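K.L.:
Using the numbering used here, the first residue of the sequence shown is number 220, and each one after it goes up by one.
Don't be surprised by glycine CBs; every beta carbon is placed ideally from N, CA and C.
Everything numeric in this text was worked out from a predicted model, so none of it was measured.
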Amino acid sequence: MRPLQGALEICSINTATLGYQLPIDKTLDAIARAGFGGVAPWRREIEAANVKSVATQIRALGLRVSGYCRSTYFTAPSREKFLASIADNRNAIDQAAELGAACYVLLAGGPPEGSKDLAGAREQSAQAIAILWEHAKSCGVTLAIEPLHPMYAADRSCIVTLEQGLDLCERIDPRREGFLGVAVDVYHCWWDPKLSEMIRRGCAENRVVAYHVSDWLVPTRDMLLDRGMMGDGVIELQKIRATLEGAGYIGAVEVEIFSQHNWWRRDVDETLEVCAERLQSTC
Ligand code: ZN
């Protein structure tokens, strides 16, 4: 396992961690100033600015883009809306290419409103990813399917385990051409009895393209916006990273914390300082 002490250059900050308090240029400056080597921006920030100038700034600061967040949901109640999602995601893949992002993060969505067809939602997601993968390959962008915790199956992602994500990669890319993988986010998969097995499988199949850290608080007060800072919850962060890196992962360690009532209320520089300390001491 790589030591993280004095190695913030392999660590990245997902800008959601900072609560979108600042415009993207100021956020990037703060992340670089705090010593991190990477950033994972969101489309809302990039689309509010100018993708070319953001890309230029990122390069000038010497930052790497560990991921670009995130896809418009694939699941849709009509063919027309399905195709609109595809078009929207193609644009975002172009932006990911411009930013030099290590991956474009895919969230599938749940069954469309009014539908109870979970299997149908999964099939629709597979079709969308297969279509987008063709575009991603032509742009040199890697797609990262991010399985979410099953508590989000109804509204954010019908893809809920690493095994399901990896199976999907094999179905879409059976010859392992690349540009398709999974994001391992500890918040979503820490509970999975097959976690170690699937991390080893994912690395052996060369599919793990991102690693996101935060912590699971007990109790958790909000399903979406109450993630913990690393070390404040129950996730065995060092054990998971040891498995991941023991299996060959060499990508960034990205902090991704949605915390409406705690970290989002703090000063950006303070949050970055605590992230740096916890990455080096508990991850
Ligand atoms: Zn994540």
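What did DSSP end up calling Ala355 once you bin it into helix, strand or coil?
P.N.:
One-based indexing of the sequence shown puts residue 355 at position 136. Note: Ala355 maps to helix in three-state DSSP.
K.L.:
Would Ile243 and Val474 be called neighbours here (beta carbons separated by less than 8 Å)?
P.N.:
Along the sequence shown, read from residue 1 onward, the residue named residue 243 stands at position 24. Along the sequence shown, read from residue 1 onward, the residue named residue 474 stands at position 255. Against a cut-off of 8 Å, the Cβ pair of Val474 and Ile243 comes out as no contact.
K.L.:
Should Trp352 and Phe293 be called a contact, given that it needs their Cβ atoms to be closer than 8 Å?
P.N.:
Working through the sequence shown from its first residue, we reach residue 352 at position 133. Working through the sequence shown from its first residue, we reach residue 293 at position 74. Not closer than 8 Å, so no.
K.L.:
Under 6 Å from any heavy atom of ligand 1, by CB: list those residues in chain order, please.
P.N.:
Spelled out in chain order, the answer is Glu365, Ala402, Asp404, His431 and Glu475.
K.L.:
Put Ile364 into one of helix, strand or coil per three-state DSSP.
P.N.:
Numbered from its first residue, the sequence shown carries residue 364 at position 145. In this structure, Ile364 counts as strand in the three-state DSSP scheme.
K.L.:
DSSP state of Val427, grouped into three classes?
P.N.:
Along the sequence shown, one-based indexing puts residue 427 at 208. Note: Val427 maps to strand in three-state DSSP.
K.L.:
Just reading off the alpha helix (DSSP H) that Glu492 is part of, what are its end residues?
P.N.:
Looking up residue 492 in the sequence shown gives position 273. Val487 to Thr501 is the extent of the alpha helix (DSSP H) around Glu492.
K.L.:
Can you tell me whether Glu473 is helix, strand or coil according to DSSP?
P.N.:
Within the sequence shown, the letter at position 254 stands for residue 473. Reduced to three states, the DSSP call for Glu473 is strand.
K.L.:
Compare the C-alpha of Thr361 against each of Arg278, Thr246, Arg395 and Ala303 and name the closest.
P.N.:
The residue given as residue 361 occupies position 142 in the sequence shown. Thr361 has its Cα closest to that of Arg395, out of Arg278, Thr246, Arg395 and Ala303.
K.L.:
In three-state terms, what does DSSP make of Ser285?
P.N.:
Position 66 of the sequence shown holds residue 285. Ser285 falls in the coil class under three-state DSSP.
K.L.:
Measure from the alpha carbon of Gly384 to the alpha carbon of each residue in Gly257, Arg283 and His368, then state which is nearest.
P.N.:
What you label residue 384 is simply residue 165 of the sequence shown in a count that begins at 1. Nearest option by C-alpha distance: His368.
K.L.:
Tell me, to the nearest whole angstrom, how far the beta carbon of Val432 is from that of Met449; I am working on the premise that it is less than 8 Å.
P.N.:
As a first step, residue 432 is located in the sequence shown; it is residue number 213 there, counting from the start. As a first step, residue 449 is located in the sequence shown; it is residue number 230 there, counting from the start. Rounded, the Cβ-Cβ distance is 5 Å, consistent with contact.
K.L.:
Grouping DSSP H, G and I as helix and E and B as strand, with all else coil, what is Asn310?
P.N.:
In the sequence shown, residue 310 corresponds to position 91, counting from 1. Looking at Asn310 - three-state DSSP - the assignment turns out to be helix.
K.L.:
Give me the Cβ distance between Ser334 and Ile378, rounded to the nearest whole Å; I'm assuming they're in contact under 8 Å.
P.N.:
If you number the sequence shown from 1, residue 334 lands on position 115. If you number the sequence shown from 1, residue 378 lands on position 159. So it is not a contact: roughly 16 Å between Cβ atoms.
K.L.:
Three-state secondary structure (DSSP) at Trp435?
P.N.:
For this step, residue 435 is matched to residue 216 along the sequence shown. It is coil, neither helix nor strand.
K.L.:
Which of the three DSSP states, helix, strand or coil, is assigned to Cys322?
P.N.:
Mapped onto the sequence shown, residue 322 falls at position 103. Coil, per DSSP.
K.L.:
To the nearest angstrom, report how far apart Val273 and Ala249 are at their CA atoms.
P.N.:
Indexing the sequence shown from 1 puts residue 273 at position 54. Indexing the sequence shown from 1 puts residue 249 at position 30. So the two alpha carbons sit approximately 14 Å from each other.
K.L.:
Grab the span of the beta strand (DSSP E) containing Cys504 for me, first residue to last.
P.N.:
The chain is shown only over 220 to 502; residue 504 falls outside these bounds and no answer can be derived.
K.L.:
Leaving aside the five residues before and after Leu237 along the sequence, list all residues of the same chain whose C-beta is less than 7 Å from its C-beta, in chain order.
P.N.:
Along the sequence shown, one-based indexing puts residue 237 at 18. Excluding sequence neighbours, Leu237 sits near Thr246, Val487 and Thr490.
K.L.:
May I ask you to report which of helix, strand or coil DSSP gives Trp409?
P.N.:
For the purposes of this step, residue 409 is taken as the residue at position 190 of the sequence shown. Residue state, collapsed to three classes: coil.
K.L.:
In the DSSP assignment, find the unbroken beta strand (DSSP E) run with Asp404 in it and report its ends.
P.N.:
Within the sequence shown, residue 404 is the residue found at index 185, counting from 1. Start and end: Leu399 to Asp404.
K.L.:
Identify the continuous beta strand (DSSP E) that holds Gly257 and give its terminal residues.
P.N.:
Sequence index remark: in the sequence shown, residue 257 carries index 38 (1-based). Gly257 to Ala259 is the extent of the beta strand (DSSP E) around Gly257.
K.L.:
To the nearest angstrom, report how far apart Ala259 and Leu325 are at their CA atoms.
P.N.:
As a working mapping, residue 259 is identified with position 40 in the sequence shown. As a working mapping, residue 325 is identified with position 106 in the sequence shown. Distance between the alpha carbons of Ala259 and Leu325: 14 Å.
K.L.:
For the alpha helix (DSSP H) holding Cys388, just list the boundary residues, first then last.
P.N.:
Here residue 388 refers to the residue found at position 169 of the sequence shown. Unbroken alpha helix (DSSP H) run through Cys388: Leu381 to Ile391.
K.L.:
Taking only the alpha-carbon atoms, compute the straight-line gap between Phe301 and Gly339 and give it to the nearest angstrom.
P.N.:
Your numbering for residue 301 matches position 82 in the sequence shown. Your numbering for residue 339 matches position 120 in the sequence shown. Rounded to whole angstroms, Phe301 to Gly339 spans 13 Å at the Cα level.
K.L.:
Using only CA atoms, which one of Arg278, Cys288 and Gly452 lies nearest to Glu266?
P.N.:
By one-based count along the sequence shown, residue 266 stands at place 47. Closest by alpha carbon: Cys288.
K.L.:
Check Gly328 in the structure and name its three-state DSSP category.
P.N.:
Along the sequence shown, one-based indexing puts residue 328 at 109. Strand at Gly328.
K.L.:
Could you tell me how far apart the beta carbons of Leu381 and Val401 are, in whole angstroms, since I believe they sit closer than 8 Å?
P.N.:
Taking the sequence shown and counting its residues from 1, the one referred to as residue 381 is at position 162. Taking the sequence shown and counting its residues from 1, the one referred to as residue 401 is at position 182. The Cβ separation is near 6 Å, so the contact holds.
K.L.:
Please classify Ser290: does DSSP put it in a helix, a strand, or coil?
P.N.:
Taking the sequence shown and counting its residues from 1, one reaches residue 290 at position 71. Three-state result, Ser290: coil.
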